[in-house]
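Following the working numbering, the numbering of the sequence shown begins with 5 at its first residue and continues without gaps.
Built from N, CA and C at the ideal position, the CB exists for glycine as well.
Quick caveat: nothing in here was measured; it's all calculated off a predicted structure.
Report on the structure given below.
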Amino acid sequence: MRYTTSNPVMTQNFWSNIQGYNTMTFQGTIGKLAYLLGVVTAVAFVAAYVALDALEAGNAGVINGMTWGGLFGGLVVAVILMLMRPENPAVLMTIYAVMQGMFVGSLSLLFEAFYNGIVLQAAFGTLFITGSMLFIYSSRIIRPTPTFNKVIGSLVASVMMLYLISIIFYFFTPFQVPFLHSSGPIGIGITLFILSIAALSLISDFGFIESGVRMNAPKNAEWWGAFGVLVTIIWIYIEMIRLLSKIRE
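What follows is the structure, given as structure tokens:
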């Protein structure tokens, strides 16, 4: 039976695109997720340190370079992963984690410069949401049914399209998407809604992992399961820090 997921990294025929002999386990997936999160965290600390030096020196170009370079670099690697489906994706996923560490670290430093303590609050908020979603999933309060995954997948695609339009507006026009970045009640509500979509995406990710283990998926599927959760956790963190900054304003 195929498992449909809201994560754009995984397609409906995902299992037929990977090969291997040993089978997927929860422990192996958790270990690979811990590794990828460790890379993101370590690089984020280094990026934040470099960004702090650049901020004190008044060199905004370095910060912008790391922020946008990490964002677009990670996006390119993710697209390559989706298109190529390498049998051993460890190297590309590590590169993705490095890119996202640059993005998260430099962006976090910018937010921290304006809102003291916001990074720690966002980190704890991300941990709370992730833990809550894991509890909700394990308790079967919300089940990743095909209908659920399709609805969340459609919402995720819509949000990604909205952000893409926002980036295009930022670089090429003097306009911006209404309310997306504003700190009024509507802007806060939009960010809270997007954060809810990101959180619910974890339910789909957890279902993907459980489905892979139950179906004795190849061992390298652990990387894909870990990667899907990593992408969602980073998304939750970014939305959390945006929400907190809007509330403070």
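query, result
"With a Cβ-Cβ cutoff of 8 angstroms, do TYR141 and PHE212 count as a contact?", "no"
"Quick one, which of VAL181, LYS154 and VAL155 has its alpha-carbon nearest TYR167's?", "VAL181"
"Kindly indicate the opening and closing residues of the alpha helix (DSSP H) around PRO189.", "189-218"
"Go ahead and pull the three-state DSSP assignment for PRO150.", "helix"
"Between which two residues does the alpha helix (DSSP H) carrying ASN68 extend?", "64-88"
"Taking all protein chains shown into account, do 16 or more other C-beta atoms lie within 10 angstroms of the C-beta of ALA61, making it buried, or fewer, making it exposed?", "exposed"
"Considering Cα atoms alone, identify which of ASN224, LYS250 and THR236 is closest to ASN26.", "ASN224"
"Tell me the residue span of the alpha helix (DSSP H) that contains ALA94.", "94-118"
"Quick check on the DSSP output: the alpha helix (DSSP H) that includes GLN31 runs from which residue to which?", "30-60"
"Could you tell me whether the Cβ atoms of GLY109 and VAL43 are closer together than 8 angstroms?", "no"
"With a threshold of 16 other CB atoms inside 10 Å of the CB of MET164, please say whether the residue is buried or exposed.", "exposed"
"Quick one: grab the DSSP three-state call for MET5.", "Bear in mind that the predicted position of MET5 carries a pLDDT of just 43, short of 50, making it unreliable; the figure below should be weighed with that in mind. The answer is coil: DSSP assigns MET5 none of H, G, I, E or B."
"If you draw a straight line from the alpha carbon of SER136 to that of SER249, how long is it in whole angstroms?", "22 angstroms"
"Tell me the DSSP secondary structure of THR130 in three-state form.", "helix"
"Is the closest heavy atom of the ligand SAM to the C-beta of ILE172 under 7 angstroms?", "With respect to small molecules bound, the structure shown includes none, and the ligand SAM cannot be examined in it."
"Could you pull out every residue in the same chain whose Cβ sits closer than 8 angstroms to the Cβ of ILE156, ignoring the five residues on either side in sequence?", "SER10, ILE201, LEU204, SER205, ILE207 and SER208"
"Here's the rule: buried if 16 or more other CB atoms are within 10 angstroms of the residue's CB, otherwise exposed. What is ILE145?", "exposed"
"Using only the alpha-carbon positions, how far apart do THR236 and PRO178 sit?", "30 angstroms"
"Leaving out five residues on either side along the sequence, give the residues of the same chain with a beta carbon under 7 angstroms from the beta carbon of PRO90.", "LEU96"
"Under the assumption that ILE245 contacts ALA117 (Cβ atoms under 8 angstroms), give the Cβ distance between them as a whole number of angstroms.", "No, ILE245 and ALA117 are not in contact; Cβ-Cβ is about 13 angstroms, not under 8 angstroms."
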